[in-house]
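Undergrad:
In the UniProt record's numbering, the protein residues as written are 1 to 246.
Spelled out as structure tokens, the structure:
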């Protein structure tokens with residue numbers, strides 16, 4: 001997979017917006033061919049599920065999800081909704097991209113090349129210039145899929161031990177309806193909201209901490225909201241990340 005940044009992006013304009021607001025959505029991030037290649041790879045992934053159980057993150061891989069009896073799935077969903085009524089909760093499909101990349105439990109895939117692109121000096125330099133965050137050293141990442149009933153409640157993304165400097169969401173969904181939910185939402189002190197609709201080939205970047213959530217995807221939706229999301233970090237990565245050749 002050979003991904004390329006859109007050469008027409010104006011770093012100065014983007015940097016000014018980020019400086020003033022602490023966030024920015026960059027449309028047409030990649031070349032059209034690059035974005036098409038990336039979304040095709042996401043559509044082939046073995047998707048698991050992730051949610052919160054008290055203070056514990058529960059991750060179910062694709063095999064566990066596909067073999068789960070219906071009554072067990074209904075019980076888990078009821079517990080997820082109960083948790084959401086009483087505290088922090090999230091529920092969506094995912095693929096642990098950077099963990100699989102470093103653990104190498106499977107043969108390298110095209111998506112690993114995409115992860116290397118995100119960590120390439122070309123891309124990280126672009127992100128540093130837009131955000132002004134010179135301490136960014138690398139990016140972690142996961143692939144996510146939101147569909148009917150999936151959500152992510154309000155949180156700040158702060159994990160001091162990981163030195164998260166900025167969050168990112170690479171959106172890879174076309175023709176997402178304006179009233180389908182699944183919007184990345186930011187809250188002010190009055191809980192008023194500003195939100196980004198999922199847009200094909202767009203990256204959302206925001207400084208951490210920030211109160212934000214992903215709104216519940218409406219129950220009638222049949223489309224899939226694909227993205228690659230994670231954090232630009234200032235700590236040391238868990239292993240070397242071979243960069244693709246420029």
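From the three backbone atoms N, C-alpha and C, an ideal C-beta is built for every residue, glycine too.
CB-CB under 7 Å to residue 33, same chain, minus the five flanking residues each way: which ones, in chain order?
TA: Excluding sequence neighbours, residue 33 sits near nothing in its chain.
Undergrad: What's the gap between the Cα of residue 130 and the Cα of residue 147?
TA: Each residue's Cα considered, the two are about 31 Å apart.
Undergrad: So, with DSSP's three-state summary, where would you put residue 123?
TA: Note: residue 123 maps to helix in three-state DSSP.
Undergrad: According to DSSP, residue 53 sits in a beta bridge with which residue or residues?
TA: The partner list for residue 53 (beta bridge, DSSP) reads 56.
Undergrad: Where does residue 178 fall in DSSP's three states?
TA: Looking at residue 178 - three-state DSSP - the assignment turns out to be coil, as it is neither helix nor strand.
Undergrad: Could you pull the start and end residues of the beta strand (DSSP E) that residue 134 belongs to?
TA: Neither: residue 134 is in no beta strand (DSSP E) and is coded neither H nor E.
Undergrad: So, helix, strand or coil for residue 246, using DSSP?
TA: Low per-residue confidence applies at residue 246: pLDDT is 39, beneath 50, and the placement is therefore not dependable, though the value from the model is reported in the following sentence. Coil at residue 246, not helix or strand.
Undergrad: Which residues mark the beginning and the end of the beta strand (DSSP E) in which residue 212 is found?
TA: Where residue 212 is concerned, the enclosing beta strand (DSSP E) stretches over 212–214.
Undergrad: Taking three-plus beta-carbon pairs below 8 Å as touching, is the segment 168–182 in contact with the segment 216–227?
TA: Output reads yes: the segment 216–227 touches the segment 168–182.
Undergrad: When the Cα atoms are used, what is the spatial distance from residue 69 to residue 119?
TA: Roughly 39 Å between the two C-alpha positions.
Undergrad: Would residue 48 and residue 62 be called neighbours here (beta carbons separated by less than 8 Å)?
TA: Yes. Within cutoff.
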